[in-house]
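From first to last, the protein sequence lines stand for chains A and B.
Each position in the first sequence, counted from 1, maps to that position plus 5 in my numbering.
The second sequence: position 74 = 54 (my numbering), numbered continuously.
Encoded as structure tokens, the structure appears first; notes follow it.
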Amino acid sequence: MTAPVLALRSVSKRFGMTRALDDMSIDLHAGEVHAIVGENGAGKSTMIKIMTGIHQPSSGHIEVGGTRTVVDGPHAARDAGIAAMYQEPMVFPDLDVAENIFISSTREGVLQNTRDLHRRADALIARIGMQVDVDRIASGLTLAEQQAVEIARALSQDVRVLIMDEPTASLSAHEAAQLRGIAAKLAAQGVAVVYISHRLEEVFEIAHRVTVIRDGQHISTQSIDAVTPESMIADMVGREVGNYFEKTPSTATDNVILSVRGLGLAGVFRDISFDLRRGEILCMAGLIGARRTDVALSLFGITPADSGEIAYKGQPIDVRSPAQAIRAGIAYVSEDRRKLGLAMPMSVRSNISLATLGHFLSPAGFLDRRRERETAEAYRDRLNIKTPDVDAAVDMLSGGNQQKVMLANWMAMQPDLLIFDEPTRGIDVGAKAEVHALIREFVAQDGAALVISSDLPEVLAMADRILVMREGEQMAIIDHADATQEYIMALATGQAALQKAS
Amino acid sequence: MTASNRPAFVSGTGLSGWELFLIAMLAVIVLANSALSPQFLSLNNQINLFQLSIEKVIVALVMTFIIINAEIDLSVGSMMGLAACAFGWMFQSGVPAYAAIIIVIGIGIAGGTVNAFFITRVGLPSLVVTLGTLIAFRGLARVLVEDRGITDFPEWFDRLGQQGLIGPFPLSLILFAALFVICWLLLQRTGFGRKTYVIGTNRDVADFAGIDSGAHKARLFIASGAVSALAGLFYAARVGAVRGDVALGFELDIITIVLLGGVSIFGGVGTMAGTLLAILIVLNLRNGMALLNITGHIQTGVIGLLLIGSVLAPRLKLSTLLPIISGRKGDAR
């Protein structure tokens, strides 16, 4: 057997304390379509970044054509014949197709032979079986055509490994089929194609081999004939993590606080309908791109929905701004605490009063700093926030404590409805359990929580009911009693019919 | 500059390291000046210093809010010019002076509203919008007075800027003191001030916390226009004459003061006390150089170097300097 065109050998990658890749080995052979699947955060993008030289392995090494090679940047990756394309193709909108294809091989100061350039561009486009006029300006191309340009660009540089990261995520069904055709054609021409996708049906259609990764570790690599969707999903979610957290008993009442009917936002999500009761935790599960956060942002008034109805506390409500949502008692705790949740260089005290600043103002607008401090200290003690002082800057705290400061800010608002987006992303297990307990405590006191989580053990531990979304659509709402990681994953990847039948 | 190497923000409690540094710098300048001239520390000299730059220092107070908000207003100098010229033109056309004063403040509010509209409603960057209005307001000012100078204002008006109103303190200085106290309270002690910091630190966080950052910014730009117009009137009163080039280039001196005071051009950082210290430093430094017969252009150059040095000083680390010196690029990541 010939040496693999590209191989990772026991590659690990650490970022500070977190281990993104752990002893990862993988072989890529010429002429194969090699699918890589895994949950969100399994380590797929870190792996791509190692292969394309954006990150360097903390340990282990890369082999190109059987020879140990250091890929220390995009240029080194190109020299090794490795190219990657992403969901959003990179094209220069004002250049024509041919110029776009040869953009990185263009030499400054050398007059280009335009006719020759176009002839060679034509040949490359023909090689991937597309029909695109190479004189056209790129801004008029469809997304699929732009991706074809990007593939042709990779081919112009004599690519031997083409990494396609979720290439079909934003394409129509027809375009996606076209793109899969190109991937298959390239493999037939001897290119090793790495195909990353959340759509399992695609994987079964075009992959020769499939590698499952989870928590940064290699789980399995098998010929596609040897796997079934069920076995693949089982590998993706892993069995041993089933009882990671104990399920807390439900405190749900019959009192519906939020009733959503047919909610939609053009081009983003559609037809979302659910009821949320006081005392209940409803989790939204799904993969990246399932548009769960977009639904939350509509409920909070950041991007108001354009169809459907929302009833809140029995009254119809049309939330147009966060200020309006906050007045109504709706809190949204963002998944991105650094960019959207906390004013990082500011003090813990200022961050705990962010959403409730009005409560601390005198009629003339003066800030009652003593009361603000007392409130901050009360929440510090109640949420067990480890900070030397409430005047310390938030960015000096650990991730878990930052998360609790963000939660304290919204708890201080005393909301009726708490929307919590990825409540435990990037925090340690101990802090996770504390955050879970706080959410349950909140709903037990007659609140209601809508929790978006990509962490399936967490969903199973917290949720009274689970709403599964996939690509902007609501797949199902399932009771906790009926939920398993496999079933949720099957719904999230569009394999539900198959899963139910079994 | 990333968030992590900014100084930790502690609102209004004590003095930051930067302010202590400014106090030390001010002490050195004052000591040196006192050695040069026994008159330097006299009350009259200090009042005189303020009077000569009164237009700039009152606008610097409002500019402090705007830059902490991560915005910029380049149009302030032109607004001063427009206000002064509009006043002169109206006075010459027979409008009573007190009515002209009120109309001029109205012009300031209108100009600030134009800035606010394009920045908060249309969503253009304040750098671009106020660069545009810098040109537009100046053009209007020149149209109004053409290339004449207008003088012969009523005596009471000229006196406003020159004579002591309460003891030796002229109206403009009393107004500055009052404005400083108001701005200090507003920035360091009210919800408005807190919002200024939050929006400047991270506008998205402010929006997600239900703070209407557009309305907040609009108020600041309107205030900036009104105070700039007031400053233009002070200029007319102090000099007793207006021309089309009144206050030309003042915006740069004002921004220099604010940045020297420790306000971050990236927003979210700075205090009113820092701005006051920077005002005192710039005024006294210029005075000291004047005592040494250093010309105005060189004085400006020295202030410029001081700004660069003071912005650089807190980040001087050997590890960041070495690559610059040896001509290598630092690690982009």
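For glycine and all other residues, C-beta sits at the position ideal for the given N, C-alpha and C.
Nothing here was measured: the structure is a model prediction, and the numbers come from that model.
Beta-ladder partner(s) of residue i, from DSSP
i             : result
residue 61/A  : The partner list for residue 61/A (beta bridge, DSSP) is empty, contrary to what the question assumes.
residue 288/A : 456/A and 471/A
residue 314/A : 266/A
residue 225/A : 217/A
residue 73/A  : 68/A
residue 336/A : 423/A
residue 320/A : 317/A
residue 371/A : 170/B
residue 366/A : 372/A
residue 4/A   : Look at the range of chain A in this structure, 6 to 507, and you will see that residue 4/A is not part of it.
residue 24/A  : 19/A
residue 29/A  : 16/A
residue 398/A : 352/A
Span of the beta strand (DSSP E), counted from its first residue to its last, around residue i
i             : result
residue 14/A  : 11 to 20
residue 426/A : 422 to 426
residue 214/A : 214 to 219
residue 279/A : 274 to 282
residue 482/A : 478 to 484
residue 84/A  : Here residue 84/A belongs to no beta strand (DSSP E); instead the alpha helix (DSSP H) covers 79 to 84.
residue 1/A   : This structure gives no information on residue 1/A, because the portion of chain A shown stretches from 6 to 507.
residue 87/A  : 87 to 90
residue 569/A : Lying before the first or after the last residue shown, residue 569/A is absent from chain A, which here runs from 6 to 507.
Whether residue i touches residue j by CB criterion (8 Å)
i             : j             : result
residue 77/B  : residue 134/B : yes
residue 265/A : residue 313/A : yes
residue 28/A  : residue 9/A   : no
residue 40/A  : residue 228/A : no
residue 187/A : residue 133/A : yes
residue 110/B : residue 41/B  : no
residue 296/A : residue 474/A : yes
residue 395/A : residue 440/A : no
residue 206/B : residue 34/B  : no
residue 231/B : residue 119/B : no
residue 372/A : residue 169/B : yes
residue 251/B : residue 287/B : no
residue 151/A : residue 159/A : no
residue 247/B : residue 180/B : yes
residue 257/B : residue 47/B  : no
residue 66/B  : residue 124/B : yes
Chain D contact for residue i (CB, 8 Å cutoff)
i            : result
residue 75/B : Included in the structure are the protein chains A and B, with no chain D among them.
The alpha helix (DSSP H) enclosing residue i, as first and last residue numbers
i             : result
residue 185/A : 178 to 193
residue 183/B : 183 to 188
residue 197/A : It is not in any alpha helix (DSSP H) - residue 197/A instead sits in the beta strand (DSSP E) that spans 197 to 201.
residue 152/B : 151 to 169
residue 290/B : 276 to 292
residue 354/A : 353 to 357
residue 234/A : 234 to 242
residue 3/A   : The structure shown does not extend to residue 3/A, since chain A spans only 6 to 507, so no value can be given for it.
residue 26/B  : 23 to 32
residue 233/B : 230 to 240
residue 326/A : No alpha helix (DSSP H) contains residue 326/A, which DSSP labels as neither H nor E.
residue 151/A : 148 to 161
Give the residues from the region 366 to 394 of chain A that approach chain B closer than 7 Å (Cβ to any Cβ), ordered along the chain.
366, 370, 371 and 372
Compile a chain-ordered list of the residues in the region 180 to 199 of chain B whose CB is closer than 7 Å to at least one CB of chain A.
181, 182, 184, 185, 187, 188, 189, 190 and 192
Taking Cβ-Cβ distances below 7 Å as the criterion, which residues of the region 239 to 255 of chain B are in contact with chain A?
248
Using a Cβ-Cβ cutoff of 7 Å, what residues of the region -5 to 18 of chain B are near chain A? List them in chain order.
none
Can you list, in chain order, the residues of the region 169 to 180 of chain B whose Cβ is nearer than 8 Å to any Cβ on chain A?
169, 170, 171, 172, 173, 174, 175, 177 and 178
Sufficient close CB pairs (3 or more, under 8 Å) joining the region 93 to 106 of chain A to the region 121 to 135 of chain A:
yes
Does the region 87 to 100 of chain A come within contact of the region 158 to 175 of chain A, defined as at least 3 CB pairs closer than 8 Å?
yes
Would the region 321 to 338 of chain A count as touching the region 278 to 287 of chain A if we require 3 or more Cβ pairs under 8 Å?
no
Taking only beta carbons into account, state which residues of the region 348 to 359 of chain A come closer than 7 Å to chain B, listed in chain order.
348, 349, 350, 351, 352, 355 and 359
Should the region 68 to 83 of chain B be regarded as contacting the region 195 to 204 of chain B, the criterion being three or more beta carbon pairs within less than 8 Å?
no
Determine which residues of the region 307 to 335 of chain A have a Cβ less than 9 Å from any Cβ of chain B, and write them out in chain order.
307, 326, 327, 328, 329, 330, 331 and 332
How about the region 323 to 339 of chain A and the region 300 to 307 of chain A: do they share at least three Cβ pairs that are nearer than 8 Å?
yes
Kindly confirm or deny that the region 262 to 281 of chain B and the region 20 to 36 of chain B touch, where touching means at least three C-beta pairs closer than 8 Å.
yes
Would you check if the region 44 to 54 of chain A and the region 76 to 83 of chain A touch, i.e. whether three or more CB-CB distances between them fall below 8 Å?
no
Tell me whether the region 423 to 430 of chain A and the region 447 to 462 of chain A touch, counting them as touching only if at least three CB pairs, one residue from each stretch, are closer than 8 Å.
yes
Below 8 Å, how does it come out for the region 202 to 219 of chain B and the region 91 to 98 of chain B: are there three or more Cβ pairs, yes or no?
yes
Are at least three pairs of beta-carbons, each pair with one atom in the region 215 to 225 of chain B and one in the region 153 to 171 of chain B, less than 8 Å apart?
no
Do the region 377 to 387 of chain A and the region 410 to 427 of chain A touch if we need at least three Cβ pairs shorter than 8 Å?
yes
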